[in-house]
Amino acid sequence: MLDINLIRKYPESVRRGIAAKNADPALVDKFLEVDRKWRALTQKFDEMRAEQKKLGEAKRVEEAKKLKEEIKKIENNLNELEKIRTEILYQIPNLPFKDVPIGKDENENQVIRTWGEIPKFNFKPKDHMELGEALDIIDTKTASKVVGSRFNYLKGQLAIMEFAIVQYVFSLLTDKNFIKKVAEKISPDFPDKPFIPVIPPVMINPETFTRMARLDPGQQDERFYLPKEGLYLVGSAEHTLGPLHMDEIIPENKLPIRYVGFSSAFRREAGSYGKDVYGILRVHQFDKIELESFTLPELSRSEQDFIVSIQEYLMQSLKLPYRVVSVCTGDMGGPDARQIDIETWMPSQNKYRETHTSDLMTDYQSRRLKTRVKRNNSNTELVHMNDATAFAIGRILIAIIENYQTEKGTVLVPKVLQNYLGIKEIKIGNG
RNA sequence: GGAAGCGUGGCAGAGUGGACGAAUGCGCCGCACUUGAAAUGCGGUAGGUCAGAAAUGGCCUCGGAGGUUCGAAUCCUCCCGCUUCCGCCA
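Using this note's numbering, the first residue of the first sequence is number -12, and each one after it goes up by one.
Right, here's the structure in full:
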């Protein structure tokens, strides 16, 4: 949620900011109107309560009784106003940074840079499903019988490769020397704290989900829900990593706090019927390595640069061609102030497809989560939060299979993963 | 799933109807003493919200939601969480 005082003091720039994000600028005026009423009534309520206390202490019981009834009415109105106020407030997205490209949809995203050579095959390259089925490492047919559409089995060396990737990333991101090297590129004194590995819960209660700004009206259809327990399945490890410090006040010297989490992610993919139905690009369940970090406000932007550097390092070490995209205002996530995506080259589609995202949420999430920092000057302020993909396993496996395929129909194993798998090539028989 | 107990500030822990947003200890911050430190002494130290330029003041919050009462951390109801024991189970 946005800072209330920001809306009160600078309604015009809030209107402009949220309009760029395809939200209705009239939300600001609706909010201000309700807020005005709420404040007036709050004052009245406070005064009456003070009066009632005094009457009680003076043992003027009858008068206090009468006042109590009036207060009750005011309180009900106040609660109603507060509910409406919160509803409006939750619909107002975070404001984009000034240097984020203004645009309506993904067509206006800006490519910042491109890395790697697009592979040129002197044969007709196959797609990941043709290869996956031939090598017996992907099975969607049985999955659709057993569960339904948009599920898959990863088998054989591909299953092993998932854990290879997890081990590779976890060992790298917990390595002080590696983190130091990346941090130094941001600036000489940039914090070089390694990531803390985490395996988080994959279920979350609605209260926390709401405080993460991930269960707002537009998002509910996307979530799997378990009615007996009243719990949701997470759509990303972010959903349970982000609340790790809710209601906490963290001492300044403890920041930044960085987590690398591994979990399954569950998505209903409502509204994407017919889109990417082929293969394992868009499925209901996939595993993902996620980065989450909590920083001082003034360092959050560099933290995102730092995270993107890590994402790029990982991609370059796998030698996968990609491009870095600055997502435009209209295509960004609601809580984001700046979103950077990485799109990886998919030979079978002859284009780049989104595999990574990096969200800088500033204090938009921490405000509801009440995750704060106690500064050395003893002030308390909200921390800033960053969240990003290290690897979405399914999609990165597609990229590896398709980019590393050979004319024989085998798949070479990227060099950095070879030690973890113990083989250099996935072929029929060792699949 | 059954039984019992428990949820109070950064932590530990008192408080069973008004004097309690809350004793005391620890921790933390400031000051004094000291060449410096330790020890000691004195003072300060929850969050949110509204008004205010500020100083300051009002209101709300003792797991959550209701209720009783002029008045609730304290009494009642329901819910949630934690701990221990039993059952089941990876």
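Using N, Cα and C, we set each Cβ at its ideal position, and we do this for glycine too.
The beta-bridge partner set that DSSP reports for V398 consists of Q392 and I413.
Within the stretch 142 to 221, the alpha helix (DSSP H) runs of at least 4 residues that lie entirely inside it are, in chain order, 143 to 160, 163 to 173 and 193 to 198. D374 sits in a strand when the DSSP states are folded into three classes. Sequence-distant partners of I71 (beyond 5 residues in either direction) whose C-beta falls short of 6 Å from its own C-beta, in its chain, are V21. P243 sits away from Y219, with the two beta carbons spaced by 9 Å or more. Linking L160 to F249 through their CA atoms gives a straight-line distance of about 13 Å.
Fully enclosed beta strand (DSSP E) runs of no fewer than 3 residues occupy 97 to 102 of the stretch 96 to 136, in order along the chain. For H343, the enclosing beta strand (DSSP E) starts and ends at K338 to T349. Look at the stretch 39 to 107 and you find these whole runs of alpha helix (DSSP H), each 4 residues long or longer: 48 to 78. In this structure, L42 lies near L54, with their beta-carbon atoms less than 9 Å apart. When the alpha-carbon of M319 is set against those of K91, I410 and D123, the nearest one is in K91. Under DSSP, I327 takes part in a beta bridge, and its partners are S313 and S345.
When Cβ pairs closer than 8 Å are counted between the two stretches, the stretch 115 to 128 is seen to touch the stretch 137 to 153, the count reaching three or more. Under the three-state reduction of DSSP, L242 is assigned to coil, being neither helix nor strand. Using a 10 angstroms sphere on the CB of S280, the tally of other CB atoms reaches 16 or more, which defines it as buried. Non-local C-beta neighbours of D292 in its own chain, meaning closer than 8 Å and more than five positions away in sequence, comprise I173, ordered along the chain. Only residues of its own chain outside the window of five on either side were considered, and among them P284, R359, V360 and R362 have a CB closer than 7 Å to the CB of E368, listed in chain order. For I61 and K52, the gap between their C-alpha atoms comes out near 15 Å. In the same chain as T344, and ignoring 5 residues on each side of it, the C-beta atoms closer than 6 Å to its own belong to D328 and T376, in chain order. Judged by DSSP in its simplified three-state form, G320 adopts coil rather than helix or strand. For the pair of segments examined, the stretch 325 to 339 was found to touch the stretch 303 to 315: the number of CB pairs separated by less than 8 Å reaches three. Where E290 is concerned, the enclosing alpha helix (DSSP H) starts and stops at S287 to S304.
Counting along the chain, S0 sits inside the alpha helix (DSSP H) bounded by residues P(-2) to A7. For R255, the closest alpha carbon among the candidates Q206, L286 and E216 is that of Q206.
Secondary structure of L283 (DSSP, three-state): coil. When DSSP states are grouped into helix, strand and coil, L231 belongs to the helix group.
DSSP places T29 within a helical segment (H, G or I) once states are collapsed to three. In this structure, the alpha-carbon of R382 lies about 14 Å from that of F253. In the DSSP assignment, L369 falls within the beta strand (DSSP E) that extends over T367 to L369.
In the DSSP secondary-structure assignment, F253 is bridged to Q272.
Annotation: the continuous beta strand (DSSP E) that includes R359 extends over R359 to K361.
I236 carries a strand assignment under DSSP once its states are collapsed to helix, strand and coil. Counting only residues of its own chain and dropping the five nearest sequence neighbours on each side, Q405 has a CB closer than 6 Å to the CB of K411. Rounded to whole angstroms, K275 and A224 show a C-alpha spacing of 7 Å. Taking the C-beta atoms as reference points, L14 is found no nearer than 9 Å to I89. Distance from the CA of D16 to the CA of V1, rounded to the nearest whole angstrom, comes to 10 Å.
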